[in-house]
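Structure, as structure tokens:
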Amino acid sequence: MVTRLRPVPPPPAGAAPGGAAPDEAAVRARRAAESVPDPELPQLTLADLGVLRGVEVAPDGTVTASLTPTYSGCPAMAEMRADLAARLHAAGFAEVRIRTVLDPPWSTDLITPDGRRKLAEAGIAPPGPAPRRTSGPVPLELSPVRRAVPCPRCGSADTEETSRFSATACKALRRCRACREPFEHVKEI
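Numbering-wise (this note's numbering), the sequence shown opens with residue 8 and increments by one.
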């Protein structure tokens, strides 16, 4: 006897496994995780920054949140993990696991439009498009090819870099030649 299997249509968008509607615990966990501020850029949440890669609730109630560091050795990762776990515990989840995800790597392209707006409102120039990387050898650039970084205060593109590093490794210090104000710029990664 041959049994023919009928294809099963995919569940509707937003449905949980088994076709059920997303449960309250998963929604509560995601909302809690998405509200955690970044320790180095507190005007942004981990979700705005694009480092929060996922939040799942297992049938036993264990929450697993996935984080990606902005770069290898990011000193804020320990605090991000602790803050995320604390926020999930405060939301009523007893068992919380924080998983580090390295692939795909984080890029400044993952900063949300809302995150970019919040950076500009805080006087920090948001990054432009991240450089495209291909597999294989890294091309050598003999001269700097950088986009104009507009001043987040007056909008002028007449700005200059005063230091490649700022309070964090992912930011640079710049000065606007038009309004003379210094500002930070999130580097394209």
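Beta carbons: idealized from backbone N, C-alpha and C, even for Gly.
Keep in mind the model is a prediction, meaning the values are calculated, not measured.
Residues in its own chain within less than 6 Å of residue 108 by CB, not counting five upstream and five downstream? Counted from its first residue, the sequence shown places residue 108 at position 101. Excluding residues within five positions, the ones whose Cβ falls inside 6 Å are 60, 73, 75.
Simplified DSSP assignment, three categories, for residue 175: To locate residue 175, count along the sequence shown from 1; it is residue 168. Residue state, collapsed to three classes: coil.
Given a cut-off of 8 Å on the beta-carbon distance, is the pair residue 71 and residue 113 in contact? Sequence index remark: in the sequence shown, residue 71 carries index 64 (1-based). Sequence index remark: in the sequence shown, residue 113 carries index 106 (1-based). For residue 71 and residue 113, no; Cβs fall outside 8 Å.
Using beta-carbon positions only, say whether residue 32 and residue 64 come within less than 8 Å of one another. Within the sequence shown, residue 32 is the residue found at index 25, counting from 1. Within the sequence shown, residue 64 is the residue found at index 57, counting from 1. Yes, the pair counts as a contact, with Cβ atoms nearer than the cut-off.
Which two residues bound the contiguous beta strand (DSSP E) that contains residue 74? The sequence position of residue 74 within the sequence shown is 67, counting from 1. It spans 70–74 - the beta strand (DSSP E) in which residue 74 sits, taken as one unbroken run.
DSSP puts residue 167 in a beta bridge; with which residues? Walking along the sequence shown from the start, residue 167 turns up at place 160. Secondary-structure assignment with DSSP links residue 167 through a beta bridge to 182.
Which runs of the alpha helix (DSSP H) spanning at least 4 residues fall entirely within the segment 41–107, listed in chain order? Within the segment 41–107, the complete alpha helix (DSSP H) runs of at least 4 residues are 53–56, 84–97.
Decide yes or no for the touch test of the segment 87–96 against the segment 34–45: beta carbon pairs closer than 8 Å, at least 3 of them. In short, these stretches touch, since the Cβ pair count reaches three.
Which class does residue 31 belong to by DSSP, given the choice of helix, strand or coil? As a working note, residue 31 is residue 24 in the sequence shown. It is helical.
Report buried or exposed for residue 181, applying the criterion of at least 16 other Cβ atoms within 10 angstroms of its Cβ. Here the question's residue 181 lines up with position 174 in the sequence shown. Under this definition residue 181 is a buried residue.
In the DSSP assignment, the beta strand (DSSP E) including residue 189 goes from what residue to what residue? As a working note, residue 189 is residue 182 in the sequence shown. According to the DSSP assignment, residue 189 belongs to the beta strand (DSSP E) that extends over 189–193.
Find out if the Cβ-Cβ distance for the pair residue 195, residue 184 is shorter than 8 Å. Position 188 of the sequence shown holds residue 195. Position 177 of the sequence shown holds residue 184. No, the pair does not count as a contact, with Cβ atoms beyond the cut-off.
Under 8 Å, do residue 192 and residue 179 count as touching if we go by C-beta distance? Walking along the sequence shown from the start, residue 192 turns up at place 185. Walking along the sequence shown from the start, residue 179 turns up at place 172. In this structure, residue 179 lies closer than 8 Å to residue 192 by Cβ.
Report the partner residues of residue 131 according to the DSSP bridge assignment. Along the sequence shown, one-based indexing puts residue 131 at 124. Answer is 191.
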